[in-house]
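**Q** If you read the sequences in order, they're chains A and B.
Oh and the first sequence: position 224 is 224 in my numbering, straight run, nothing missing.
Oh and the second sequence: position 119 is 1119 in my numbering, straight run, nothing missing.
Ideal placement from N, C-alpha and C gives every residue a C-beta, glycine not left out.
From a predicted model like this one, the values you see are computed outputs, not experimental measurements.
Below is one structure. I have some questions about it.
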Amino acid sequence: MKPLAITARTVTNALGRGVAASLAALRAEQSGLRPCDFEDADLPTWIGRVAGLENEPLTGEFAAFDCRNNRLAHIGLEQDGFAAAVRQARDRYGADRIGVFIGTSTSGIGATEQAYRQRDPVTGELPASFDYQHTHNVFSVADFTRRWLGLTGVALAVSTACSSSAKAFASACRHIRAGFCDAAVVGGVDSLCLTTLYGFNALGLASTQVCRPWDVERDGLNVGEAAGFALLEQAESGDRRIQLLGYGESSDAYHMTAAHPEGAGAALAMEQALARAGLSAEQVDYINLHGTATPLNDAAEDKAILRVFGPATPCSSTKGWTGHTLGAAGVTEAIFVGLCLEQGFMPGTLNTRQRDPQLGAGVLLRAREQTMRTALSNSFGFGGTNCSLLFGRGDDESPSPLAGEGRGEEKS
Amino acid sequence: MNTLSVASIGVLAPGLAGWSASRVVLAGEQLYSAAPMPAALATLLPANERRRTTATVKLALQVAQEAMANHPSLDKEAVANHPSLSKEGKMQVYTVLASSGGDSEVLDKICIALTQPDRPVSPTQFHHSVHNTPAGYWAIATGCTLPSLSLSAHDGSFAAGLREAAALAWIEAAPVLLIAYDLPLPFPLSERRRIAAPFAVALLLNPDVAGPRLATLRFNRDAAGYATSLENSALETLRIGNPAARSLPLLCAIARQQAQRVILPVGDHESLSMEVEP
């Protein structure tokens, strides 16, 4: 495919607000995880919470959108000059030619959770202040984002559980390619709520310790919250910015919550990302794993990595820093991968002490400094949904592996 | 990258029991009456899965199943030679699922559980709570490993899904099954989000416009305007009462087999305009 450049980007998560906070924590190996202190949730687990959301309501013309998820979207959009960059792009393309593609799994369900606790004891009705459309509805966060940015074209919420914001990149690529828009704001926003905290706990997937991806003692994930956004535009020749080179998507067709034991669907997604970019597995320098730290997910992803890349490609999971940010994980880790490409830095796998001897992927426990040209990011989710994104460092010095004959032929 | 054919349709709603029974009603040849919706059987699901799943999953899968069964070349030699429709006898087709709010019955149960002591969220309810649950069941039932995307654009979900499906079909040069569905919400959510009646529709879209088809869609890139409404007031009531039923002007145009411009609403600012041709 024709690469798309990331011309602006931002992340907000448990490591802090903005790209610099995440990068500093990744380099300093400082986790953002803490024992669960969300609302009154009484659960023996750790979470990745964004500090201060409780005190920053949306007001004025955006008051109807006020809920934890849209507060997080709002704070995220205002970091790193992202909203300003989109406004500049809007002047170039027109407000109706920049699409909005936001991944979320639970959107603002927290507002409904709270409303159910305030039901009228006689009639059972929800409090008058509850606004379903602008908070809980899946589209709410995409609607908020486009209104905040003053965009009037294509806008949709992708909701495929934990692959949501990775697949939002794929959807944006398709809409640009098909001419439905010229550029795209791609994002992911998922916030802490009781539904996911108690839900993962009920499934026995929430760890009582900090999550330890690929560790022999790994026993589950930590739920986190995050907002991440990227502005995607057609790459120019000699473009030095980070570029999306390919995406791959697949369905497991196996089980609603358990990953395919051989990682067949995950392998398919990675292979298709490579094929779309016209790259071979040997040309990928680093893989940011989905790596949630649940025993079965890591085992399945390990098999898939071994099948496609073998044991040599360096890989790591950054969930030990942020927790599993669900629908926001795809864009969060896509931006992490971009930072790593720019910095020539591969993070280790925080909290992981002893690699599971049953697993064979080239998982890094400590950071490594190394120049990279391409890196892959994996995101998988409930329902057997898989998505892999392949990014490259735009560079006009050495010939890009994608600029030449090796470029993948796309159908149509 | 501007035209698509509609190869087959599945539909289920009050008074619309499958495409072949509904075609005459939507064409205006037979009076529409909002008879109770027949049960969504979704026989494609294994019996044990069917018992466990929800009304939302069954509704989505029923129309998907019908569209695939109505495909003009199914059971013919062409299927055997079409890699995206048949692989080891399985239904291999890209899917796009569009729903405003997903499975509100499940979300209601979870929110009720969260008000109770110890917050006993059921693991089954939780894994059914994701927006892509019907996509997961479809993949399991059909063995289809091709990508699937589940999306929402509130009341504009159908048109947003159609646009995603069109882009996917053009880029992959393969058929795409678009499935749109929404059901009335349970009380008390029903007081804050009115979906009047259940509605689901599935369109098998083919970038190859020369093949067997019910209609061809040609997108108007610059034209916009007010969303097409329906003359029949009962059908118009159905249309505005459910995001998936925003597809009705398109379905009526296809049923009439006459060239017509159809404009579907996508949002406050936006619409999707197309020429529907027999």
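Would you tell me roughly how many angstroms separate the C-alpha atoms of Glu1066(B) and Trp46(A), rounded to the nearest one?
**A** 46 Å
**Q** Please report how far the alpha carbon of Gly320(A) lies from the alpha carbon of Thr1095(B), in whole angstroms.
**A** When rounded, the distance between both Cα atoms is 34 Å.
**Q** Exposed or buried, which one is Trp378(A) when buried takes at least 16 other CB atoms within 10 Å?
**A** Inspection of the sequence shows that residue 378(A) is occupied by Asn rather than by Trp. By the 10 Å Cβ count, Asn378(A) comes out buried.
**Q** Using a threshold of 8 Å, state whether the C-beta atoms of Ala253(A) and Gly384(A) are closer than that.
**A** Judged by beta-carbon spacing, Gly384(A) lies within the 8 Å limit of Ala253(A), meaning their Cβ atoms are closer than that value.
**Q** Can a CB atom of chain A be found closer than 8 Å to the CB of Gly1143(B)?
**A** yes
**Q** Compare the Cα-Cα distances from Asn1132(B) to each of Ile1009(B), Ala1060(B), Ala1215(B) and report the closest residue.
**A** Nearest Cα to Asn1132(B) within the set Ile1009(B), Ala1060(B), Ala1215(B): Ala1060(B).
**Q** What is the DSSP secondary structure of Ala1013(B), reduced to helix, strand or coil?
**A** strand
**Q** Express the C-alpha separation of Ala1197(B) and Ala1035(B) in angstroms, rounding to a whole number.
**A** Cα to Cα, Ala1035(B) sits roughly 11 Å from Ala1197(B).
**Q** Taking 8 Å as the limit between beta carbons, can you name the residues of its chain near Val19(A), skipping five residues before and five after?
**A** So the list reads Arg9, Thr10, Val11, Gln79, Asp80, Ile335, Leu339, once near-sequence residues are dropped.
**Q** Identify every residue that forms a DSSP beta bridge with Asn369(A).
**A** Note on residue identity: the sequence assigns Glu, not Asn, to residue 369(A). Glu369(A) pairs with Phe345(A).
**Q** Where in the segment 1198-1258 of chain B do unbroken runs of the beta strand (DSSP E), each at least 3 residues long, occur, reported from the N-terminal end onward?
**A** 1199-1206, 1215-1220
**Q** So is Ile1254(B) in contact with chain A if we call contact Cβ pairs under 8 Å?
**A** no
**Q** For Ala463(A), which residues in the same chain have their Cβ closer than 8 Å to its Cβ, ignoring the five residues on either side in sequence?
**A** The first residue shown for chain A is 1 and the last is 412, placing residue 463(A) beyond what the model contains.
**Q** What are the boundary residues of the alpha helix (DSSP H) that Tyr198(A) is part of?
**A** 194-202
**Q** What residues match up with Tyr254(A) in a beta bridge as DSSP calls it?
**A** Looking at the DSSP assignment, Tyr254(A) forms no beta bridge with any residue, so it has no partner.
**Q** When you compare only the Cα positions, how much space is there between Glu262(A) and Asp285(A)?
**A** 23 Å
**Q** Shortest alpha-carbon distance to Val1024(B) belongs to which of Tyr1181(B), Ile1263(B), Arg1256(B), Gly1267(B)?
**A** Arg1256(B)
**Q** Assuming Val138(A) and Ser1008(B) are in contact, meaning their beta carbons sit under 8 Å apart, how far apart are those beta carbons, in whole angstroms?
**A** Between Ser1008(B) and Val138(A) the Cβ distance is about 28 Å, and since that is not below 8 Å, they are no contact.
**Q** Which same chain residues, not among the five before or five after Cys211(A), have their C-beta less than 8 Å away from its C-beta?
**A** Hits under 8 Å: Leu33, Trp46, Arg218, Gly220, Leu221, Asn222, Thr292, Ala293, Lys319, Gly320, Gly323, His324, Asn351.
**Q** Could you tell me whether any Cβ in chain B is nearer than 8 Å to the Cβ of His290(A)?
**A** no
**Q** Pick out the complete alpha helix (DSSP H) segments inside the segment 1106-1133 of chain B, 4 residues or longer, and give them in chain order.
**A** 1123-1128
**Q** Run down chain B in chain order and give the residues with a C-beta less than 8 Å from the C-beta of Ala253(A).
**A** Ala1139, Ile1140, Thr1142, Gly1143, Cys1144, Thr1145
**Q** Taking only beta carbons into account, state which residues of the segment 183-197 of chain A come closer than 7 Å to chain B, listed in chain order.
**A** Leu194, Thr195
**Q** Classify Tyr1226(B) as buried or exposed, calling it buried when 16 or more other Cβ atoms lie within 10 Å of its own Cβ.
**A** Burial call: exposed.
**Q** At a CB-CB cut-off below 8 Å, which residues of chain A make contact with Phe1187(B)?
**A** By Cβ distance, chain A contributes Gly124.
**Q** So, is Ser164(A) buried or exposed, given that buried needs 16 or more other C-beta atoms within 10 angstroms?
**A** Around the CB of Ser164(A), 16 or more other CB atoms lie within 10 Å, so the residue is classed as buried.
**Q** Going along chain A, which residues have a C-beta under 9 Å from Val1262(B)?
**A** Going along chain A, no residue has its Cβ under 9 Å from Val1262(B), so there is no contact; the nearest lies around 17 Å.
**Q** For the segment 317-338 of chain A, enumerate the residues whose C-beta is nearer than 9 Å to any C-beta of chain B, in chain order.
**A** Hits within the stretch: zero.
**Q** Compile a chain-ordered list of the residues in the segment 1144-1169 of chain B whose CB is closer than 7 Å to at least one CB of chain A.
**A** Cys1144, Thr1145, Leu1146, Pro1147, Ser1148, Leu1149, Ser1150, Leu1151, Ser1152, Ala1153, His1154, Ala1160, Arg1163, Glu1164, Ala1166, Ala1167, Leu1168
**Q** Can you list, in chain order, the residues of the segment 1107-1121 of chain B whose Cβ is nearer than 7 Å to any Cβ on chain A?
**A** Leu1107, Ile1110, Cys1111, Ile1112, Leu1114, Thr1115, Arg1119, Val1121
**Q** Assuming Ala259(A) contacts Leu205(A) under a Cβ cut-off of 8 Å, what Cβ separation, rounded to an integer in Å, is found between them?
**A** Wrong, their Cβ atoms sit about 12 Å apart, outside the cutoff.
**Q** Tell me the rounded alpha-carbon separation between Ile1140(B) and Pro1134(B).
**A** Just so you know, the alpha carbons of Ile1140(B) and Pro1134(B) end up roughly 10 Å apart.
**Q** For Ser22(A) and Thr257(A), I'd like the C-alpha separation in whole angstroms.
**A** 30 Å
**Q** Going by alpha carbons, who is nearest to Glu1270(B) out of Ile1110(B), Ala1210(B), Gly1241(B), Ala1160(B)?
**A** Ala1160(B)
**Q** Could you give the distance in angstroms between the alpha-carbon of Gly1156(B) and the alpha-carbon of Thr371(A)?
**A** Roughly 45 Å between the two C-alpha positions.
**Q** Reducing DSSP to helix, strand and coil, say where Gly455(A) ends up.
**A** Outside the displayed range of chain A (1 to 412) lies residue 455(A), so it cannot be described from this structure.
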